[in-house]
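Note that this note's numbering has the sequence shown beginning at 14, numbered continuously upward.
Cβ coordinates follow ideal geometry from the N, Cα and C atoms, glycine included.
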Amino acid sequence: MELIRSTLDLESRVLVMGVLNVTPDSFSDGGKYDDLENAVSRALEIEAEGADILDVGGESTRPGSKPVSAEEEMDRVIPVIGALLGRLRIPISVDTTKSEVARAALQAGAEIINDVSGLRFDPAVAEVAAETGAALVLMHSRGAPGMMHQQQPVEDVFAEVIGGLRRSIEEALRRGARRERIILDPGIGFGKTPEQNLQLIDRLDRIVTEFGLPVLLGTSRKSFIKHVMDKALSGGARDDLRERVAGTAATVVIGVLRGARIVRVHDVGLMLAVTRMTELTQRSGASG
Ligand code: HH2
């Protein structure tokens, strides 16, 4: 996939997107990287661990988090993206639902827009992608900002996700974005039951074949993993982070087997190894 300055090779191997949250309240690394120097060094570390893309986000989507203004979001992410220009070789994606933030981030050097609202909050995000040639990640979610996790689950999660993604794609194309630059994401954890998240991962191939577009999977350390582990593991010493990371690895394996082309993770080096091992094991049968 052609980006503004670089190319994403989505054909030969699964890509790893490393998460850099520059929010004071993100659930997994919140508060640690909210100053510029720390954010820049963590970004370089993510690249050194082998990430193919750096995803920079300035608004937390965690349950109950407060929506932030475009100004505040820009104050958080633009200096980081600016400071990385010329220092980071991998492309930067900006995790935002606001066209203003997306535009400023692309001017500062980002090449991908990652919109967790799938254009529902600000459809002009697609126009920014169209004008700049940035890639556009359209994630499925429901509900207003700050409320996306509190949605009543729907009965048929595949119908909901496929219908929602179809509406997002149509909106993107209507506003001039190019289909060849669209990446889809089922939005794991966003208004789905734990069971539905597992179903979406196990049948990710349905979304891959439905649209024929590259699919990104974001399961990293999410709370449905804790929920599953709490039910599955009894007795023995428990360790929340270890279980979330191990659970993430399991979902990455299944996601890769079912056709995910990008995985969005916090534990870059570890999940890169998991991804590569999965791909190489999968291919060995075909060549043997
Ligand atoms: N999940 C989160 C944020 N952005 N983007 C995409 N495309 N897919 C996802 O699954 C996704 C996403 C939520 O996770 P995280 O960024 O780790 O935490 P926070 O909500 O605190 O930003």
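Among the candidates the options, whose CA atom is the shortest distance from the CA of residue i?
i	options	result
Val170	Gly225, Gly70, Ser54 and Asp215	Asp215
Glu256	Ile267, Val221, Val269 and His240	His240
Leu293	Ala250, Asp280 and Val266	Val266
Thr232	Ser19, Leu21, Met30 and Ser25	Met30
Ala123	Ser78, Val141 and His153	Val141
Ala64	Met290, Ser297, Ala137 and Ile275	Ile275
Gly77	Gly204, Pro104, Asp128 and Leu270	Gly204
Phe237	Leu229, Pro227, Thr261 and Arg251	Thr261
Would you call the CB atoms of residue i and residue j closer than 8 Å?
i	j	result
Ala273	Leu211	no
Ile126	Leu16	no
Leu101	Glu60	yes
Ala83	Leu132	no
Met14	Arg192	no
Ile196	Lys235	no
Arg55	Leu21	no
Asp198	His162	no
Asp135	Ser106	no
Leu119	Ala143	no
Ala52	Val93	yes
Leu303	Leu151	Nothing about residue 303 can be read from this structure; the chain reaches only from 14 to 301.
Val27	Val69	no
Ile91	Ala139	no
Val129	Thr74	yes
Ala109	Glu86	A small fix is needed here, since residue 109 is Thr in this sequence, not Ala. The answer is yes: Cβ separation under 8 Å.
Ile175	Glu208	no
DSSP three-state label for residue i, please.
i	result
Ser112	helix
Ser236	helix
Asp253	helix
Leu23	coil
Leu211	helix
Glu58	helix
Arg216	coil
Asp9	The first residue shown for the chain is 14 and the last is 301, placing residue 9 beyond what the model contains.
Which whole runs of the alpha helix (DSSP H) in the region 66 to 129 are 4 residues long or more, in chain order? 83 to 97 and 112 to 121
Could you tell me which uninterrupted beta strand (DSSP E) segments, each at least 3 residues in length, are contained entirely in the region 122 to 189, listed from first to last along the chain? 125 to 128 and 148 to 152
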